[in-house]
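Peer 1: Protein chains in written order, with our numbering: chain E, 1 to 319; chain X, 1001 to 1308. By construction, the Cβ of each residue, glycine as well, lies at the ideal position given by its N, Cα and C atoms. Quick caveat: nothing in here was measured; it's all calculated off a predicted structure. Once you've had a glance at the structure underneath, I'll fire off some questions.
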């Protein structure tokens, strides 16, 4: 187990490095940091020199990457010219915390409801309630996030005001003052984030639960006269939740990495929107910094999932 | 040597007579026939297929039947609500939204189908090579797959979309190049499972070379999951394309897709919600139908699933 964990960590590092290099090369290829300067005819050569110097644009990409990496491992992620030359690391960290404000509650709600809906659906297979839950999840998987987010905005902000003369939600900014403010500004983005992932996870939980319910040891448990409740909750559900751990890790990493779409729709100052903004501003350091953070999250949570999986299910042996 | 051993003597039953008596004279049904029988049981999938065909037909023939064109500007009749003259109304420039929606849908579907084909071919070849050959090839391809999974596809699409996206074809190719890891993993797993089975050993003993074993002997066994993935990918591609176009990083004007139509309409959501709801409805409708279809195909093409 320990050897496996060590090997996984060690193989993750070159993968992450290679991924970072490819992202860096790709971003350098498609973003021209000098393009925003060319919009302004009044700039003289010194403004160009400053940006060329910042990114070492006179060097080939591998050399630039080596420079960037050398600074990055010492904790210096460079500065972001599109944001008044602020340090990238504190800025990204700040936006990451804002994304987490949505990601953590969304994740807890998704995980809870997915288990409840999935188990309920599996226990009542082919009954009307199962069809309703399945129908909901198909609908959730077929609805693009931006459509759902826009619909929520229109229904709960515009029409709510017309119908009931109430404006329960604030969708134009992130508010953290009072508890009421938090609820008003966080609810709709959290619900938007939940839709697709909840639909996917509840489908997965249903399939896992059905597989367990059809296994021999469940039949034995029933045959020896255990109450249905005990069989479902103690014997079946616990085992059916194990495969969900992997999905949880993937989804949580994706949520923490910020949702470009949800944050754009709700004007949320998180990582996703920062990424979009920095791409449109051709801010190379910022783009790379954000993507490296997202990639690290994915690698870390995948590793965590694999390790937890081995602890929960002792049948799994790592060679 | 006489043939007396082969001709049945008096009083002995022939084999065909036994078959007849025991009621075993059922004609063998091919895999396709069985799959079709299973598929037919899914009413929703049948409805979905019919709906998809109707939607596709309206996308293909809709623009031909309407007197309006995609780019035809008619300021005098701008911002008309849906009605007999303009089925879906007109936009701020007086362009007919029915024609724009159906021809946008044409591009969306075309992109989705190209993405699905490209991804399926790439993913199948990579997964098959990795699973069958094993060793360093598998190690390399698995790490490549992991590399693509490290950074979410949407993030990469956002980075490169502005530079390389723009036209429907380039957007389709971008999506195709990024979506293959999922299908490659599935195919790799199947090839690993089949490559040591007896029929493969038999084929090798008979002198078949590796490419022949991979594509003539193993691949047909994996066709079920591949078809299901390819179907579901059409839905994924429609959602991703519309999301990219919504963010302004996918297909650019004047090319029109369902995603750009939703993006155009988001500013006027309060006053004229139908401008957004109609193209968005097509996106949801097509994806929903594809998902139902994929689910039924999964059932139909897997010989081990029987609904009890």
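1. Would you say residue 1280 (chain X) faces chain E, with C-beta separation under 7 Å as the test?
2. With a threshold of 8 Å on Cβ separation, who are the neighbours of residue 1001 (chain X) within its own chain once the five nearest residues in sequence on each side are excluded?
3. Does residue 79 (chain E) come out as helix, strand or coil in the three-state DSSP assignment?
4. Tell me the DSSP bridge mates of residue 1037 (chain X)?
5. Pick helix, strand or coil for residue 315 (chain E), following the three-state DSSP scheme.
6. Mind checking the segment 21 to 34 of chain E against chain X and listing, in chain order, the residues whose C-beta falls within less than 9 Å of any C-beta there?
7. Where does residue 272 (chain E) fall in DSSP's three states?
8. Taking the DSSP output, what are the residues bridged to residue 1284 (chain X)?
9. Which runs of the alpha helix (DSSP H), 4 residues or longer, sit entirely within the segment 1179 to 1262 of chain X?
10. Can you tell me whether DSSP reads residue 25 (chain E) as helix, strand or coil?
11. Considering Cα atoms alone, identify which of X:1091, X:1039, X:1047, X:1073 is closest to residue 1278 (chain X).
12. Would residue 144 (chain E) count as contacting chain X if we go by Cβ distances under 7 Å?
13. Please classify residue 223 (chain E): is it buried, with 16 or more other beta-carbons within 10 angstroms of its beta-carbon, or exposed?
14. Mind pulling the chain X residues with CB within less than 8 Å of residue 287 (chain E)?
15. Apply the 10 Å Cβ neighbour rule to residue 1351 (chain X) and answer buried if 16 or more other Cβ atoms are within range, or exposed otherwise.
16. Quick one: grab the DSSP three-state call for residue 86 (chain E).
17. Just the C-alpha distance for residue 1212 (chain X) and residue 1132 (chain X), rounded to the nearest angstrom, thanks.
18. So, does the CB of residue 270 (chain E) fall closer than 7 Å to a CB anywhere in chain X?
19. How long is the line joining the alpha carbons of residue 65 (chain E) and residue 25 (chain E), rounded to whole angstroms?
20. Can you round the beta-carbon distance between residue 287 (chain E) and residue 31 (chain E) to whole angstroms, since I take them to be within the 8 Å contact cut?
21. Applying a beta-carbon distance threshold of less than 9 Å, which residues of chain X neighbour residue 257 (chain E)?
22. For residue 309 (chain E) and residue 1296 (chain X), what's the separation of their Cα atoms in angstroms?
23. Between residue 1241 (chain X) and chain E, is the shortest Cβ-Cβ distance under 7 Å, so that the two count as touching?
24. Express the C-alpha separation of residue 134 (chain E) and residue 1307 (chain X) in angstroms, rounding to a whole number.
25. For residue 359 (chain E), which option in E:42, E:71, E:41, E:40 has the closest C-alpha, if you only look at C-alpha atoms?
26. Is the Cβ-Cβ distance between residue 109 (chain E) and residue 194 (chain E) less than 7 Å?
27. Using a Cβ-Cβ cut-off of 8 Å (strictly less than) and excluding sequence neighbours within five positions of residue 1217 (chain X), which residues of its own chain qualify?
28. Out of X:1096, X:1106, X:1129, which one is the CA nearest neighbour of residue 1210 (chain X)?
29. Within 7 Å of any Cβ in chain E, is that where the Cβ of residue 1090 (chain X) sits?
30. Using the three-state DSSP reduction, which class does residue 1166 (chain X) fall into: helix, strand or coil?
31. Tell whether a beta-carbon distance below 7 Å holds between residue 1293 (chain X) and residue 1231 (chain X).
32. Quick test of the definition: if touching needs 3 or more C-beta pairs under 8 Å, does the segment 1250 to 1257 of chain X touch the segment 1137 to 1156 of chain X?
33. Closest to residue 236 (chain E) by CA distance: which of E:44, E:190, E:118 is it?
34. Below 6 Å CB to CB, which residues in the same chain sit around residue 141 (chain E) once its five sequence neighbours on both sides are set aside?
35. What did DSSP end up calling residue 1295 (chain X) once you bin it into helix, strand or coil?
Peer 2: Reading it off the structure:
1. Counting from one through the second chain, the residue named residue 1280 (chain X) turns up at place 280. Any Cβ of chain E closer than 7 Å to the Cβ of residue 1280 (chain X) would place that residue at the interface, and such an atom is present.
2. As a first step, residue 1001 (chain X) must be located in the second chain, where it is residue number 1. Bear in mind that a pLDDT of 47 at residue 1001 (chain X), under 50, signals an unreliable position, so the number given afterwards is only what the model happens to contain. Cβ within range, chain order: n/a, list empty.
3. Numbered from its first residue, the first chain carries residue 79 (chain E) at position 79. Secondary structure at residue 79 (chain E): strand, using DSSP grouped into helix, strand and coil.
4. Taking the second chain and counting its residues from 1, the one referred to as residue 1037 (chain X) is at position 37. Beta-bridge pairing links residue 1037 (chain X) to no other residue.
5. Numbered from 1 along the first chain, position 315 holds the residue referred to as residue 315 (chain E). It is coil, neither helix nor strand.
6. The residues in question are 22, 23, 26, 27, 29, 30, 31.
7. Walking along the first chain from the start, residue 272 (chain E) turns up at place 272. Assigned with DSSP and collapsed to three states, residue 272 (chain E) falls in helix.
8. Locating residue 1284 (chain X) in the second chain gives position 284, counting from the first residue. In DSSP, residue 1284 (chain X) forms no bridge with anything.
9. Segments of the alpha helix (DSSP H) lying fully in the segment 1179 to 1262 of chain X: 1198 to 1205, 1223 to 1246.
10. Sequence index remark: in the first chain, residue 25 (chain E) carries index 25 (1-based). Residue 25 (chain E): helix per DSSP, three-state reduction.
11. Locating residue 1278 (chain X) in the second chain gives position 278, where the first residue counts as 1. For the residues X:1091, X:1039, X:1047, X:1073, the minimum Cα distance to residue 1278 (chain X) belongs to X:1091.
12. Position 144 of the first chain, counted from the start, is the residue given in the question as residue 144 (chain E). The C-beta of residue 144 (chain E) comes closer than 7 Å to at least one C-beta of chain X.
13. In the first chain, residue 223 (chain E) corresponds to position 223, counting from 1. Burial call: exposed.
14. As a working mapping, residue 287 (chain E) is identified with position 287 in the first chain. Chain-ordered, the chain X residues with CB closer than 8 Å to the CB of residue 287 (chain E) read 1159.
15. One cannot answer for residue 1351 (chain X) here, as it falls past the ends of chain X, which runs 1001 to 1308.
16. Locating residue 86 (chain E) in the first chain gives position 86, where the first residue counts as 1. Note: residue 86 (chain E) maps to strand in three-state DSSP.
17. Counted from its first residue, the second chain places residue 1212 (chain X) at position 212. Counted from its first residue, the second chain places residue 1132 (chain X) at position 132. The C-alpha of residue 1212 (chain X) lies about 12 Å from the C-alpha of residue 1132 (chain X).
18. As a working mapping, residue 270 (chain E) is identified with position 270 in the first chain. The Cβ of residue 270 (chain E) sits no closer than 7 Å to any Cβ of chain X.
19. As a first step, residue 65 (chain E) must be located in the first chain, where it is residue number 65. As a first step, residue 25 (chain E) must be located in the first chain, where it is residue number 25. Distance from the CA atom of residue 65 (chain E) to the CA atom of residue 25 (chain E), rounded to whole angstroms, is 8 Å.
20. For this step, residue 287 (chain E) is matched to residue 287 along the first chain. For this step, residue 31 (chain E) is matched to residue 31 along the first chain. With a beta-carbon spacing of about 7 Å, residue 287 (chain E) and residue 31 (chain E) fall inside the 8 Å limit used to define contacts.
21. Along the first chain, read from residue 1 onward, the residue named residue 257 (chain E) stands at position 257. Simply 1152, 1155.
22. The sequence position of residue 309 (chain E) within the first chain is 309, counting from 1. The sequence position of residue 1296 (chain X) within the second chain is 296, counting from 1. Rounded to whole angstroms, residue 309 (chain E) to residue 1296 (chain X) spans 31 Å at the Cα level.
23. Position 241 of the second chain, counted from the first residue, corresponds to residue 1241 (chain X). Not one chain E Cβ lies under 7 Å of residue 1241 (chain X).
24. Locating residue 1307 (chain X) in the second chain gives position 307, counting from the first residue. Locating residue 134 (chain E) in the first chain gives position 134, counting from the first residue. The predicted position of residue 1307 (chain X) is uncertain, since its pLDDT is 39 and thus under 50; a value taken from the coordinates is nonetheless stated next. Using only the alpha carbons, I get a separation of about 16 Å.
25. Residue coverage of chain E in this structure runs from 1 to 319, which leaves residue 359 (chain E) outside it and unanswerable.
26. For the purposes of this step, residue 109 (chain E) is taken as the residue at position 109 of the first chain. For the purposes of this step, residue 194 (chain E) is taken as the residue at position 194 of the first chain. Closer than 7 Å, so yes.
27. For the purposes of this step, residue 1217 (chain X) is taken as residue 217 along the second chain, with counting starting at 1. Closer than 8 Å at Cβ, skipping near neighbours: 1199, 1200, 1203, 1208.
28. Looking up residue 1210 (chain X) in the second chain gives position 210. It is X:1129 whose Cα lies nearest to the Cα of residue 1210 (chain X).
29. The sequence position of residue 1090 (chain X) within the second chain is 90, counting from 1. It does not; no Cβ of chain E falls within 7 Å.
30. Taking the first residue of the second chain as 1, we reach residue 1166 (chain X) at position 166. Residue 1166 (chain X) sits in a strand when the DSSP states are folded into three classes.
31. Counted from its first residue, the second chain places residue 1293 (chain X) at position 293. Counted from its first residue, the second chain places residue 1231 (chain X) at position 231. Taking 7 Å as the Cβ cut-off, residue 1293 (chain X) and residue 1231 (chain X) qualify as a contacting pair.
32. Remark: fewer than three beta-carbon pairs, one from each stretch, lie closer than 8 Å, so the segment 1250 to 1257 of chain X and the segment 1137 to 1156 of chain X are not flagged as touching.
33. Within the first chain, residue 236 (chain E) is the residue found at index 236, counting from 1. Nearest to residue 236 (chain E) by C-alpha distance, out of E:44, E:190, E:118, is E:118.
34. Along the first chain, read from residue 1 onward, the residue named residue 141 (chain E) stands at position 141. The beta carbon of residue 141 (chain E) sits closer than 6 Å to the beta carbons of 199 from its chain, once the five residues preceding and following it are set aside; these are given in chain order.
35. Counted from its first residue, the second chain places residue 1295 (chain X) at position 295. Annotated three-state conformation of residue 1295 (chain X) is helix, per DSSP.
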